[in-house]
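Residue numbers (the working numbering): 1362 to 1548.
Read the structure below first, then the notes.
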């Protein structure tokens, strides 16, 4: 029976094999992309339903700005809830870069879907769609979308704002990953 095989493997500053670190980064990046896609999809469906009600029912009665002001808090509450739910189920380390990627992916998909609907369903040009962000209602909507994208940075599972998180590669944090549970927080 052959003895153990010794291999020289390049290690990072913590002594972990570089291949292991790259695999962790790749896994976290894919988890961020998947979480961003899911975040976009759920919030987009809710926004599509509420946006249809806003355009067809509320805006003709109250005006466009009032309709957006009525819809915006509901959409932000939905986004906050969905974000927390996803962060509780996706294995992200808590590093701000991965949460920023989640929000960034969701925002890019949301803006792209909104542009696609504007052009294909409503017959607007891309320039007309972009110009709509200059109106008061469009600016409010865009501000809500930016908040939606930042929620993964501000949110953590359990409904509270996220504490400043150490990078998973930060030696001072002990380089231990920790899955939060409700037992971790004081009552």
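For each residue, glycine too, the CB sits at the ideal point set by N, CA and C.
None of the values given here were measured: they were computed from a predicted structure.
Every alpha helix (DSSP H) of 4 residues or more that sits fully in the region 1445-1498 is shown, in chain order, as 1457-1481 and 1487-1493. DSSP places residue 1424 in the coil class of the three-state scheme, outside both helix and strand. Straight-line spacing of the CA atoms in residue 1502 and residue 1471 works out to 12 angstroms. With contacts defined by Cβ atoms closer than 8 angstroms, residue 1397 and residue 1467 form a contacting pair. The beta carbon of residue 1430 sits closer than 8 angstroms to the beta carbons of 1501 from its chain, once the five residues preceding and following it are set aside; these are given in chain order. In this structure, residue 1407 sits away from residue 1420, with a CB-CB distance that is not shorter than 8 angstroms. In this structure, residue 1490 lies near residue 1476, with their beta-carbon atoms less than 8 angstroms apart. Residue 1510 counts as buried, since at least 16 other C-beta atoms from the protein chains shown sit within 10 angstroms of its C-beta. Taking the C-beta atoms as reference points, residue 1460 is found nearer than 8 angstroms to residue 1513.
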